[in-house]
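In my numbering, the protein residues as written are 6 to 169.
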């Protein structure tokens, strides 16, 4: 977000690679553990609040659609800067709510800058994510106080797959 001047960032739900512990050195190899994709182009788009909600609803439907033939996806897109609530058992269009950016509700008609990478659209061009992150790490030198941005999940009480 900082390097692209974005309000919000979208990142794929990566579940592989080496974990880093506080105090570990972030090497290029460790960074690439998380970013080694064949579609690394970064993007900066202007989306309305309504479009952001639609994107998140679409991703959620790929994961939580009650019809298994419509379930197409592994993980919810990771977001930076944006807080929201997801209700997996709700129908399409009603799963994503309470979108908040910097303490204020996201407005449907307002435009926001959204950085991203790993777009599955054809022909996307942009600086590779590893170059963007390497530049950021060189600038920062030491990474401190990272706040993990986790959406609030509702309607899943009693689900054995949910951590307590």
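Note that CB positions come from ideal geometry on N, CA and C, so glycine has one too.
- Under DSSP, the beta-bridge partners assigned to residue 122 are 47.
- About 7 Å separates the beta carbons of residue 111 and residue 105, which is inside the 8 Å limit, making them a contact pair.
- Around the C-beta of residue 113, fewer than 16 other C-beta atoms lie within 10 Å, and the residue is accordingly described as exposed.
- Below 8 Å, enough C-beta pairs join the region 136-150 and the region 27-47 to call them touching: three or more.
- Secondary structure at residue 133: strand, using DSSP grouped into helix, strand and coil.
- Note that the C-beta distance between residue 129 and residue 14 is not below 8 Å.
- DSSP, reduced to helix, strand and coil, places residue 85 within a strand of the structure shown.
- Residue 97 places its beta carbon 8 Å or farther from that of residue 55.
- Under the criterion of beta carbons closer than 8 Å, residue 160 and residue 93 qualify as touching, at roughly 7 Å.
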